[in-house]
Amino acid sequence: EGAIERFVAWRGGATGVPIVDAVMRELRETGYCSNRARLITSSFLVRDLGVPYFWGALYFQSRCVDHDPSINWGYWKGCAGQYGHWAHGE
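Count the sequence shown with our numbering and you get residues 108 to 197, in order.
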């Protein structure tokens, strides 16, 4: 199973992990999910499934009713561990 298949399962709420699947179904059906739910699903996609963070960022951008580009992309980059140099005290 490759990254595309894992992403499709995540997006469709079919990962087999109940909390992740419930959040993804909620997002698809309502356009909303809580901040904690975003943390859970983004961490799962990037860290557990090994899918590139920008796939998740683009999906959330297309689905979230309350989408804000700077928050969304900053959040996803942070989840992927891609912080700016400011995080290193520079």
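C-beta: ideal position from N, C-alpha, C; glycine also.
Classified as exposed, Ser-177 has fewer than 16 neighbouring CB atoms from the shown chains inside 10 Å of its CB.
In the structure shown, the three-state DSSP call for Cys-186 is helix. A straight line joining the alpha-carbon of Glu-112 with that of Val-127 spans about 16 Å.
Using a Cβ distance threshold of 8 Å, Gly-163 and Ala-110 do not count as a contacting pair.
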